[in-house]
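J.: Take 28 as the starting number for the sequence shown in the working numbering and just add one per residue.
Heads up, the beta-carbon is just placed ideally off N, CA and C, and yes, glycines get one too.
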Amino acid sequence: MLNNMNKGELFIISAPSGAGKSSLIQEIIRRGFASDSLIELSVSATTRSPRSNDIEGKDYFFISQEKFLTFEEEDAFIESATVHGNKYGTLKDYVDSKSSKGINLILDIDVQGFYQIKEKNIPNTSIFIVPPSIQDLKVRLENRNEDAPEVIDQRLKNAIEELNSASDYDFRVLNDNFDMAADELYNLIVNRNVQNKEAKHISEVLEDLLSN
Numbered sequence: 028m029l030n031n032m033n034k035g036e037l038f039i040i041s042a043p044s045g046a047g048k049s050s051l052i053q054e055i056i057r058r059g060f061a062s063d064s065l066i067e068l069s070v071s072a073t074t075r076s077p078r079s080n081d082i083e084g085k086d087y088f089f090i091s092q093e094k095f096l097t098f099e100e101e102d103a104f105i106e107s108a109t110v111h112g113n114k115y116g117t118l119k120d121y122v123d124s125k126s127s128k129g130i131n132l133i134l135d136i137d138v139q140g141f142y143q144i145k146e147k148n149i150p151n152t153s154i155f156i157v158p159p160s161i162q163d164l165k166v167r168l169e170n171r172n173e174d175a176p177e178v179i180d181q182r183l184k185n186a187i188e189e190l191n192s193a194s195d196y197d198f199r200v201l202n203d204n205f206d207m208a209a210d211e212l213y214n215l216i217v218n219r220n221v222q223n224k225e226a227k228h229i230s231e232v233l234e235d236l237l238s239n
């Protein structure tokens with residue numbers, strides 16, 4: 028268990044849609060709870076209306092459009108974005124509060140959010156989840172049975188753009204084996220600054236992905 032006297036760290040995790048990021052994060056949170064490690068998933072503020080199963084403070088902090096805009100003017104977010112007409116953002120005070128309690132906070136955000144935080148020089152460790160191949164990514168998206176073929180094609184195009192940013196992250200984790208990827212991700216967060224033993228191999232995979 029991490030010493031409560033130590034400040035918690037901020038861990039940014041990004042990945043193309045279908046790379047298995049959400050499943051990996053859920054596994055890391057589960058392992059952290061089981062081992063008494065102080066790991067939590069960051070909760071965003073949003074202008075989206077709550078759904079019937081949403082819990083305030085656990086799923087989101089639900090705020091009005093006006094309050095969100097005020098927070099933006101006050102530079103109260105470390106990153107923010109508009110998705111499908113709704114605003115989402117990570118509050119500085121929330122992150123600082125968790126850090127002061129020794130909690131390692133996982134921030135599940137896209138590449139744009141990562142660059143916002145990077146530009147503000149906010150201390151963090153950034154991790155990019157790399158899929159084994161574009162074909163594998165396509166199969167995963169198709170197996171979801173959530174999107175039309177044209178939507179999947181667009182997601183794959185977006186994936187290529189996002190993969191171009193992978194080299195800007197501190198670490199890259201290849202998700203070609205879920206358990207091994209979860210082990211590496213957990214070690215990065217709990218043990219901190221563990222060197223990526225497969226860095227060369229992942230670089231080769233990335234090069235192959237971007238050449239398609």
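Return the bridge partner residues of Asn113 from the DSSP annotation.
T.: Per DSSP, Val110.
J.: What did DSSP end up calling Asn31 once you bin it into helix, strand or coil?
T.: Model confidence at Asn31 stands at a pLDDT of 45, short of 50, so the residue's coordinates are unreliable and nothing is read from them.
J.: From Val217 to Ser50, what does the alpha carbon distance come to, in whole angstroms?
T.: So the two alpha carbons sit approximately 18 Å from each other.
J.: What residue range does the alpha helix (DSSP H) around Thr97 cover?
T.: Segment Gln92 to Glu100, the alpha helix (DSSP H) holding Thr97.
J.: Under 9 Å, do Ala186 and Ser64 count as touching if we go by C-beta distance?
T.: Not in contact: Ala186 and Ser64 (Cβ atoms no closer than 9 Å).
J.: How many Å lie between Ile39 and Thr109 at the Cα?
T.: Roughly 19 Å between the two C-alpha positions.
J.: Shortest alpha-carbon distance to Phe95 belongs to which of Asn170, Glu106 and Lys85?
T.: Ranking the options by Cα distance to Phe95, first place goes to Glu106.
J.: Using the Cα positions of Gln143 and Asn113, report the straight-line distance between them to the nearest angstrom.
T.: Approximately 18 Å between the Cα atoms of the pair.
J.: With 16 other CB atoms within 10 Å as the buried threshold, where does Pro77 fall?
T.: With fewer than 16 Cβ atoms within 10 Å of its Cβ, Pro77 is classed as exposed.
J.: Could you name the residues that DSSP lists as bridge partners for Glu67?
T.: Leu132.
J.: Taking its Cβ as the centre, do 16 or more other Cβ atoms sit within 10 Å of Ile74, making it buried, or is it exposed?
T.: It should be pointed out that residue 74 corresponds to Thr in this sequence rather than to Ile. Answer is buried; the Cβ neighbour count reaches 16.
J.: Within 10 angstroms of its Cβ, does Thr117 collect 16 or more other Cβ (buried), or is it exposed?
T.: Under this definition Thr117 is a buried residue.
J.: Pull the bridge partners of Tyr87 from the DSSP assignment, please.
T.: Tyr87 pairs with Ser71 and Glu83.
J.: Do the region 95-104 and the region 170-186 touch if we need at least three Cβ pairs shorter than 8 Å?
T.: Contact fails: fewer than three Cβ-Cβ distances are below 8 Å.
J.: Check for me: the beta strand (DSSP E) holding Ser44 runs from which residue to which?
T.: From DSSP, Ser44 is part of no beta strand (DSSP E); its letter is neither H nor E.
J.: Would you call Tyr115 buried or exposed, if buried means 16 or more other Cβ atoms sit within 10 Å of its Cβ?
T.: Buried.
J.: Any idea which residues DSSP pairs Ser153 with across the strands?
T.: In the DSSP output, where bridge partners are listed per residue, Ser153 has Ile39.
J.: Using CA coordinates, which residue listed in Gln181, Ala208, Leu132 and Gln162 is at the minimum distance from Gly47?
T.: With distances taken between Cα atoms, Gly47 lies closest to Ala208.
J.: Identify the continuous alpha helix (DSSP H) that holds Arg182 and give its terminal residues.
T.: Element bounds for Arg182: Pro176 to Leu190.
J.: Do you know offhand how far Phe141's Cα is from Ser41's?
T.: Whole-angstrom Cα-Cα distance: 8 Å.
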